[in-house]
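Structure, as structure tokens:
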Amino acid sequence: GNSVTQMEGPVTLSEEAFLTINCTYTATGYPSLFWYVQYPGEGLQLLLKATKADDKGSNKGFEATYRKETTSFHLEKGSVQVSDSAVYFCALRTGGGNKLTFGTGTQLKVEL
Amino acid sequence: EAQVTQNPRYLITVTGKKLTVTCSQNMNHEYMSWYRQDPGLGLRQIYYSMNVEVTDKGDVPEGYKVSRKEKRNFPLILESPSPNQTSLYFCASSSNRGDTEAFFGQGTRLTVV
């Protein structure tokens, strides 16, 4: 079956530091890959996505590249801000279906 | 504004007392689903619906029921809640067309004592 593995959190960074959150997946077929962000007390919001190999998704300074050879979709940001503090979920969806398979989430805390 | 609305946001109840969590979307989406979020486990799908009157089990359906009588509404029913159903619940909706974004409600934090 499908599965997503994310690095354990929490991750604590200083403002303007470089961020990487690792995500690897196992899936049948060719999944679409997503990063969702959950700010405190809120639901999940789509941050970025990539639908095929070598695609790069980007939004709000965050980037992730769909790497089929390493089955990875690592999230990066060059300079984090306090407002980026949230929980980040990597997820995948396969075939024509709508079901999302999520990783366990990585909590990010950015300090001044 | 496109949104998924869940109610209530917070609920404390006692074991065995039936409850319903409502979910409504205003985007005319065909697909709706319920997830529960637990520490260290991420989000797991409980039930989903491909369209009106079409529902099916997700990964963790035990102890839950759903119905889809109207396209916009997808209530989650706990007939006899137990403490292991204490969790954070999210409703989500998306279009069946292609590779579209899923929209999530703000969540319902349920405590069963």
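Taken in sequence, the protein lines are chains A and B. As numbered in the working numbering, the first sequence has no gaps in its residue numbers, which increase by one up to the final residue, 112. As numbered in the working numbering, the second sequence has no gaps in its residue numbers, which increase by one up to the final residue, 1113. Glycine included, every Cβ here is placed at the ideal spot set by N, Cα and C.
Suppose you measure from the CA of aspartate 84(A) to the CA of methionine 7(A); what does that come to, to the nearest Å?
Each residue's alpha carbon lies about 17 Å from the other.
Tell me, please, which residues DSSP counts as bridged to threonine 26(A).
Per DSSP, Ser3(A).
Let me confirm a value: valine 1066(B) is counted as buried when at least 16 other C-beta atoms fall within 10 Å, else exposed. Which label applies?
Buried is the call here.
What is the residue span of the beta strand (DSSP E) that leucine 1019(B) lies within?
From DSSP, the beta strand (DSSP E) with leucine 1019(B) extends over 1019-1025.
Using a Cβ-Cβ cut-off of 7 Å (strictly less than) and excluding sequence neighbours within five positions of threonine 101(A), which residues of its own chain qualify?
For threonine 101(A), where only same-chain residues beyond five positions count, the Cβ hits under 7 Å are Asn2, Ser3, Val4, Ala91, Leu92.
Measuring straight from C-alpha to C-alpha, what distance separates lysine 77(A) and phenylalanine 62(A)?
Approximately 5 Å, taken between the alpha carbons.
Answer yes or no: do alanine 50(A) and glycine 57(A) have a C-beta to C-beta separation smaller than 7 Å?
Taking 7 Å as the Cβ cut-off, alanine 50(A) and glycine 57(A) qualify as a contacting pair.
Just the chain B side, please: which residues come within less than 8 Å of threonine 104(A) by C-beta, in chain order?
Gly1040, Leu1041, Gly1042, listed in chain order.
Measuring alpha carbon to alpha carbon, tell me which residue in Glu1001(B), Thr1015(B), Tyr1010(B) is nearest valine 1113(B).
It is Thr1015(B).
Counting only the same chain and skipping the five closest in sequence on each side, list residues whose C-beta sits under 6 Å from that of alanine 1102(B).
Around alanine 1102(B): Ala1092, Ser1094.
Within 10 angstroms of the Cβ of valine 1054(B), are there 16 or more other Cβ atoms? Answer buried if so, exposed if not.
By the neighbour-count rule (16 or more Cβ atoms within 10 Å), valine 1054(B) is not buried but exposed.
Taking C-alpha atoms, which residue in Lys109(A), Val82(A), Glu69(A), Lys99(A) lies nearest to threonine 24(A)?
Nearest option by C-alpha distance: Glu69(A).
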